[in-house]
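Chains as they are written, first to last, in the working numbering: chain D, -3 to 342; chain U, -3 to 342; chain R, -3 to 342; chain G, -3 to 342.
Backbone N, C-alpha and C fix where the C-beta goes; we use that ideal spot for every residue, glycine too.
Predicted, not measured: the structure shown is a model, and the values here were computed from it.
Structure first, then comments.
4 protein chains.
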Amino acid sequence: MAENIAVGIIGAGRIGQVHAKSIAYEIPGVEIKTVADPFLTEEIADLMTSLGAKRVTRDYKEIINDPEIEAVFICSSTDTHSPLSQEACLAGKHVFCEKPVDLDIEKIKETLAVVKKSGVKYQVGFNRRFDHNFASVKAAIDAGKIGDVHVLKITSRDPAPPPVEYVKVSGGIFYDMIVHDFDMARFLTGSEVVEVYAAASVRVDENIGKAGDYDTAVVTLKFENGAIAVIDGSRKAVYGYDQRVEAFGSKGSVAIGNDTLSTAVISNEDGVTSEKPKYFFLERYMGAFTEEKVQFFDAIKNGSDIPVGGFDGLISVVIAEAAKRSAAENRPVKISEITDIDGGWK
Amino acid sequence: MAENIAVGIIGAGRIGQVHAKSIAYEIPGVEIKTVADPFLTEEIADLMTSLGAKRVTRDYKEIINDPEIEAVFICSSTDTHSPLSQEACLAGKHVFCEKPVDLDIEKIKETLAVVKKSGVKYQVGFNRRFDHNFASVKAAIDAGKIGDVHVLKITSRDPAPPPVEYVKVSGGIFYDMIVHDFDMARFLTGSEVVEVYAAASVRVDENIGKAGDYDTAVVTLKFENGAIAVIDGSRKAVYGYDQRVEAFGSKGSVAIGNDTLSTAVISNEDGVTSEKPKYFFLERYMGAFTEEKVQFFDAIKNGSDIPVGGFDGLISVVIAEAAKRSAAENRPVKISEITDIDGGWK
Amino acid sequence: MAENIAVGIIGAGRIGQVHAKSIAYEIPGVEIKTVADPFLTEEIADLMTSLGAKRVTRDYKEIINDPEIEAVFICSSTDTHSPLSQEACLAGKHVFCEKPVDLDIEKIKETLAVVKKSGVKYQVGFNRRFDHNFASVKAAIDAGKIGDVHVLKITSRDPAPPPVEYVKVSGGIFYDMIVHDFDMARFLTGSEVVEVYAAASVRVDENIGKAGDYDTAVVTLKFENGAIAVIDGSRKAVYGYDQRVEAFGSKGSVAIGNDTLSTAVISNEDGVTSEKPKYFFLERYMGAFTEEKVQFFDAIKNGSDIPVGGFDGLISVVIAEAAKRSAAENRPVKISEITDIDGGWK
Amino acid sequence: MAENIAVGIIGAGRIGQVHAKSIAYEIPGVEIKTVADPFLTEEIADLMTSLGAKRVTRDYKEIINDPEIEAVFICSSTDTHSPLSQEACLAGKHVFCEKPVDLDIEKIKETLAVVKKSGVKYQVGFNRRFDHNFASVKAAIDAGKIGDVHVLKITSRDPAPPPVEYVKVSGGIFYDMIVHDFDMARFLTGSEVVEVYAAASVRVDENIGKAGDYDTAVVTLKFENGAIAVIDGSRKAVYGYDQRVEAFGSKGSVAIGNDTLSTAVISNEDGVTSEKPKYFFLERYMGAFTEEKVQFFDAIKNGSDIPVGGFDGLISVVIAEAAKRSAAENRPVKISEITDIDGGWK
């Protein structure tokens, strides 16, 4: 029987806990060796221990310097993703880095250069690609069921806006929210974006506007292969987390709806009522959080390609920057205006 | 008992026949006095007679000059809409004019000036406003069920492209097809468009491209009230006539699907299959074609306002022109760049 | 051009008016010559005249004795169906008789004997066979899409119970309501019922129980071809007129839902709400009322078979009687216990 | 921190493995101490060890006699359920027993008497009560959303028939399959069955008929509270595992559909196709298998009532026997004909 893969997790906040739980409960052959978090609490330490962590510390160096640890999950704050990624790679660890790799495009490129040199597996946490619904759209397209994709429509609505403080440091709606949809659009069309037009507004909370961000946006993407994608995003859908896509092509269309807690439909004098979409991203995407790691560990074990890598992390941020500029200047912005993405980053 | 309203129909092609049939079968208190068509065939004459037409002629002047005729339906080719509208108005007839009033914005304004002076009722044939599904979206919005509209999404796909010869004279996809959706977006948001951005491509038939038109388009509209609309249009959906809308607002969303010939769902080894959308616009919109006329004749009888008038005809063509220019120049185009719409046309 | 078929309508109540309207508006080549009703009011007379009736009278003999009238619609009270059917047949008229032909099985047989001898077309008003949804189930079965039918499930719920006075003379829930479903079950299975088991109760209105009837019933039917059908009926579904069927067979299933006034779906904090079923049978079955007559007049013109005839009228009442007896005696009742149906009635 | 509850599992076949996996992966605070199976293979032993079992043996006595083991799962063949239940209870263990407790009603009563005397928790594995969909129907009924239940409809179709050898020993379709639906009907109506009528046939596989069983059945249940339930069951639905329920009452209805692997809908020339129901009971009910144990262990820890107990195990078999007799004798059979259930078994 093969040895378990020993894992270190840097950052024990919400997303770090998600990864720890699915490793503990869902993924055989992997064990959590060490969890590091500078703001470690007793409660978190207890949780991580109950999930099998052998060591809990405030010092991430205990992970980087541990020769038994093969893979590192970077779940700390965004500004640490790049430097930690580089340290881990240079220490020969495989890295699973939460998105975004960085808000600064040049730093991402720097990190990708280190990844390339070190030869480790480097996966970026675009979990939605692994969601059963989105994956079924990809499968239908790849199977030729809708022919060539002409138009792709993505709906991306959060149930409630984040705190304004978060918006101020996150890079804004294109960086912290719609970046997932940029990745999804590339994934589903199988092509690269050449130009972005974003119409954005403040309709949900004027404080978001005062912080220099938008809460409502409609983004049009033109792709190399001729496909056009349109993403509508909102910080607040009162009925829950609304994540849908429809791909329309030469031979038909494929569309997904939201998952619900049950299929129950109640008919009474008021109408015919079914359940709202699952409210929270963890409810909706729990399976996806597991599946992305299953494929990450498979790639480590079998030497196969990882499913979503550094270039995907880079280009999604480049598109976000183009969208931000487009909204600010009210004009279509070419990807090539933002940065050179042809420099071998793929 | 009130006298029947006597109607004249100019143009006995497909849409003229639609109006004749629904007057004959569905609308009490109205009778077809005369039908005029320069290309009249015996077959059409027989049909119109069986629908109750008392006279069938090649000469539309027999309608204009008949003092008994109160209302005229203009169903002839687009280039005749303006002059016939003006003649009929000057003769004191109420006019129901098929869309578009004209491809030339100045001519529409000219016609609207004549309408205004003559004081007749002048309705433009934007039938979709009267469709039970679209009307239910309007009713939900007006009842405050989704709060303020933030984003409006319209899907508009024809089952098959028109002949290239038609495309050459129709003004193109924005004028002959998406113009309906421009009107719908104004109707549902209850606001006026200020700016248009159109991403368009040729994916269905390259001959459409050679004729200078597009067959696929995604159009973003910004409205005075802050709403953003996005319309995706295609000349060809292999599964049928796909006409949907989703309005998303501060308190929720309302969406409509397509009508089908039955609610049957078949489950077998291949999956769970329901019916395609009704294939043809006459199947889908027959009820709407009747309802628009019911309201037209009500306005005549009761002196009430007509539901969709000359300004609606004008502004939809202005938006189409803005979309065409936007696609050609790849930039957002302001409505105010196209023409002055504040000159009392409303 | 062929002469119009002249029609007489006996009985100008709700169902008589339905037939008059659809003849007037929807069916070319047919005209209403005379309408007879012993309780004729001025209002009804005006209505019928506006629908084209040339003569309105209290005396049905004016129809029977009019040699110009080819077809008679019998829309009077149930107890007159048999004698009027016989009179009309003997006068050589084709007959469209509302259901049931009679509450007395022997009288139905007597009538069928007259029909047979006179050689006219005799159609019974089982309109649901012509509903677009039910017809699509029949089409799927006939096309072999679900293989052999193993189980058929019919849901039949009225929006509100009829007056108790009606229940007292109608023959009860099996005769006045579920009789439609007995016919539907025969139509869809393409087989004859051999045995009936009915579980029935009073849950909606105890006055219905005091009148000797039930308001809730579940009826199991065994068919010659081995199919089993189960019908659940209720006098009152607060959400509207609920008429569905599901056929399950060796190769799959086909199911229909209800029609709604629109496809609108509203998502908000309370859930995801769509429209209730159409509330009233005229809303739901208007198309079916037209289609049944289209086929009736086609049979007259072309000499083809009528789609639903005297035997269907007979057997459905026999099944109703078996169901009534089953509920009363709490045991399965064979059709052969009720009457001999093999005596050449088909 | 509380001590873990130590569990023994008797029977390591399919259902034993299901319980072991969900204890290992999904339920904190519980550990598998010993697994016993007389037909233990190395493969199964390895699996159970990887799931945390400390000991794997062929001798179930090692579980019964282990004072550290608090709870025993009985997952062995049906004929051993009663004696093992009794042994475990007498040894003071809490028991989770797979259904049915026994095919012999007297033996079930004997076991229940032992359970009662020993004072342990005794849960029977009617997992469907814990399924998110069925549970949502129960919640809607309990919340009064549909008022009093008038009619309950349950659809229960397996994707494929079991081997005929299984049918010969299982007690037949009412004992091995529809027994779940009998329990569900009691659970949802909150009332006890008084009478059963079963119409059954052989349509799927004539070998099932030769073995003395049926593969298709429609069962009507009358309840103490006046509700009528109807269950349609089939051994073979080619499109997958079809498990639905609709409850209809004085204030409306609640219905559930099946779960699918994704919400994807493909529209093309052939129609609009969505996914089939999940094919296999483990796919559909995995969450329910976990939830039933969560509640079982909660009852042990907190001394609360178990959610489904010995009486539920008894009465469901009594109903199955009544259904079997009803089908054989073609008459409604009263529960009181089968056995006395009022003898304090509840």
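May I ask you to list the residues that DSSP assigns as paired with residue i?
i: Ser197/G; result: Thr212/G
i: Gln13/U; result: According to DSSP, Gln13/U bridges with nothing at all.
i: His128/U; result: Answer is none; His128/U lacks a bridge partner.
i: Gly245/U; result: Val145/U, Gly248/U
i: Asn0/R; result: Its beta-bridge partners do not exist; DSSP assigns none.
i: Ile5/G; result: Val31/G, Phe69/G
i: Asp228/D; result: Thr151/D, Val214/D
i: Gly267/U; result: Asn264/U
i: Phe219/U; result: Val189/U
i: Gln239/R; result: Ser152/R
i: Tyr21/R; result: DSSP, once it has assigned bridges, lists no residue as partnering Tyr21/R.
i: Arg51/R; result: Thr30/R
Under a CB-based cut-off of 8 Å, is residue i close to chain R?
i: Asn203/G; result: no
i: Lys149/D; result: no
i: Val261/G; result: no
i: Met(-3)/G; result: In this prediction, Met(-3)/G has a pLDDT of 38, which is less than 50 and means its spatial position is unreliable; nothing more can be read from the coordinates.
i: Gly379/D; result: The structure shown does not extend to residue 379/D, since chain D is modelled only from -3 through 342, so no value can be given for it.
i: Gly168/D; result: no
i: Gly248/U; result: yes
Assuming residue i contacts residue j (C-beta within less than 8 Å), just tell me the rounded distance between them.
i: Lys330/U; j: Val226/U; result: In fact, because the Cβ distance is near 18 Å, the residues do not count as touching under 8 Å.
i: Val97/G; j: Ile6/G; result: Contact doesn't hold; Cβ gap of about 14 Å is too wide.
i: Thr30/G; j: Ile65/G; result: 7 Å
i: Ala194/G; j: Ser332/G; result: Rounded, the Cβ-Cβ distance is 17 Å, inconsistent with contact.
Verify the CB distance criterion: does residue i have a CB-CB separation below 8 Å to chain G?
i: Asn61/U; result: no
i: Glu242/U; result: no
i: Ser270/U; result: yes
i: Ile331/D; result: no
Compare the C-beta of residue i against all C-beta atoms of chain U and say whether one is closer than 8 Å.
i: Val234/R; result: no
i: Asn298/G; result: no
i: Asn264/G; result: yes
i: Val214/D; result: yes
With the cut-off set at 8 Å, would you say residue i and residue j are in Cβ contact?
i: Phe170/G; j: Ala324/G; result: no
i: Val192/D; j: Val175/D; result: no
i: Ala233/G; j: Asp144/G; result: no
i: Phe183/G; j: Tyr237/G; result: no
i: His146/G; j: Arg199/R; result: yes
i: Gly344/D; j: Cys71/D; result: The structure shown does not extend to residue 344/D, since chain D spans only -3 to 342, so no value can be given for it.
i: Val120/G; j: Asp336/G; result: no
i: Arg240/R; j: Thr151/R; result: yes
Would you please verify whether the beta carbon of residue i is less than 8 Å from any beta carbon of chain D?
i: Ala29/G; result: Note on residue identity: the sequence assigns Lys, not Ala, to residue 29/G. Chain D contact via Cβ: absent.
i: Ser197/U; result: yes
i: His15/U; result: no
i: Asp144/G; result: no
i: Gly267/R; result: yes
i: Gly222/U; result: yes
Closer than 7 Å: is that where the CB of residue i sits relative to any heavy atom of the ligand PLP?
i: Pro63/U; result: The model depicted lacks the ligand PLP and carries no ligand whatsoever.
Where in the segment 135 to 191 of chain R do unbroken runs of the alpha helix (DSSP H), each at least 4 residues long, occur, reported from the N-terminal end onward?
Qualifying alpha helix (DSSP H) stretches, in chain order: 160 to 166, 169 to 172, 175 to 185.
Can you check the segment 85 to 109 of chain G for any alpha helix (DSSP H) of at least 4 residues that lies completely inside it and give the ranges in chain order?
Residue ranges of uninterrupted alpha helix (DSSP H) with 4 or more members are absent from the segment 85 to 109 of chain G; none lies entirely inside it.
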